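What follows is one structure encoded as structure tokens, with my remarks underneath.
Residue numbers (the UniProt record's numbering): 1 to 243.
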């Protein structure tokens, strides 16, 4: 399918239209779903009955994906097409009560002590459908779609917290939760908790710093994320993890 005149004019002016941005994001998401499942571009092109060049352009957002092709693509990757498209109808929620807490994107930081390394995840939230997508282990926040895993789930707003429940889009299809308070002494970030299971089937809880904007100060992040002496004392006294 060829670009419309409006898209051509925008391209000639060096502008990025809303539709161009949509197809770029769509292609980037489909690309990472393919890579996570270790499916080659050749395998995908054969499944869609399209040339390698065409599928490559789809993933780069250079050409428009026909709806029939997109449906076949999602079926092949076992991805719910609704997770890729913006909502056309708002979910009936108590908007007046929780609208002030709505967030479109969260950057999550945790500290891997055994590797002396900061770990970055990103959550994208569709507040019209109360759905959320977690990009786990993001190497570069400027390209969040290049992640190790993708989890689909939902966001639950309340008076005291914002909660997420996610399920892995690929094997082992594990579940992951994240919760953070809505109120805090800090204005720029919140300290929350992520819980899941390890590959050896052990439950884990992770201290997480969540921010609506990327945080670049590594010293600050490590200082906030390392478990403090007070937290260790609380664990010993209360026999549960409180942050």
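A virtual CB, placed ideally from N, CA and C, is assigned to each residue, including glycine. Computed from a predicted structure; not experimentally measured.
Alpha carbon to alpha carbon, how far is residue j from residue i? Give it in angstroms, no decimals.
i, j, result
"residue 211", "residue 199", "27 Å"
"residue 168", "residue 176", "8 Å"
"residue 180", "residue 194", "9 Å"
"residue 113", "residue 49", "47 Å"
"residue 131", "residue 153", "6 Å"
"residue 41", "residue 55", "7 Å"
"residue 253", "residue 161", "Because the chain in this structure spans residues 1 to 243, residue 253 falls outside the shown range and cannot be described."
"residue 74", "residue 238", "47 Å"
"residue 231", "residue 192", "14 Å"
"residue 215", "residue 67", "38 Å"
"residue 234", "residue 20", "52 Å"
"residue 201", "residue 173", "13 Å"
"residue 100", "residue 188", "15 Å"
"residue 104", "residue 115", "30 Å"
"residue 51", "residue 85", "24 Å"
"residue 18", "residue 240", "Confidence at residue 18 is low in this model, with a pLDDT of 47, below 50, so its placement is unreliable and the value that follows should be read with caution. Those two C-alpha atoms are separated by around 48 Å."
Between residue i and the rest of its own chain, which residues show a CB-CB distance below 6 Å, the 5 nearest in sequence each way excluded?
i, result
"residue 108", "121, 208 and 210"
"residue 143", "none"
"residue 98", "157"
"residue 63", "57"
"residue 227", "none"
"residue 123", "106, 132 and 134"
"residue 70", "none"
Leaving out the 5 sequence neighbours to the left and right, which residues in its chain are closer than 7 Å to residue i when beta-carbon positions are compared?
i, result
"residue 190", "180, 181, 184 and 210"
"residue 27", "58, 59, 60 and 61"
"residue 47", "76"
"residue 225", "109, 110, 111, 207 and 209"
Rounded to the nearest angstrom, how far is the Cβ of residue i from that of residue j, given a contact under 8 Å?
i, j, result
"residue 119", "residue 140", "With 8 Å as the limit, residue 119 and residue 140 do not qualify as a contact, their Cβ atoms being about 13 Å apart."
"residue 32", "residue 196", "About 20 Å; that fails the 8 Å criterion."
"residue 127", "residue 102", "5 Å"
Return the first residue and the last residue of the alpha helix (DSSP H) that residue i is part of.
i, result
"residue 164", "Taken as a continuous stretch (DSSP letters only), residue 164 belongs to no alpha helix (DSSP H), being part of the beta strand (DSSP E) at 161-168."
"residue 234", "229-238"
"residue 285", "There is no way to answer for residue 285, as the model of the chain reaches only from 1 to 243."
"residue 60", "52-60"
Once you ignore the five residues that flank residue i on each side, which residues in its own chain have a CB closer than 8 Å to its CB?
i, result
"residue 170", "36, 37, 149 and 150"
"residue 204", "195, 196, 197 and 198"
"residue 221", "109, 111, 118, 209 and 215"
"residue 80", "74 and 152"
"residue 83", "131, 133 and 152"
Is residue i close to chain D, meaning its C-beta is less than 7 Å from at least one C-beta of that chain?
i, result
"residue 46", "Of the chains in the structure shown, none is chain D; there is only one protein chain."
Uninterrupted beta strand (DSSP E) stretches inside the region 64-113 (no shorter than 3 residues): 105-112
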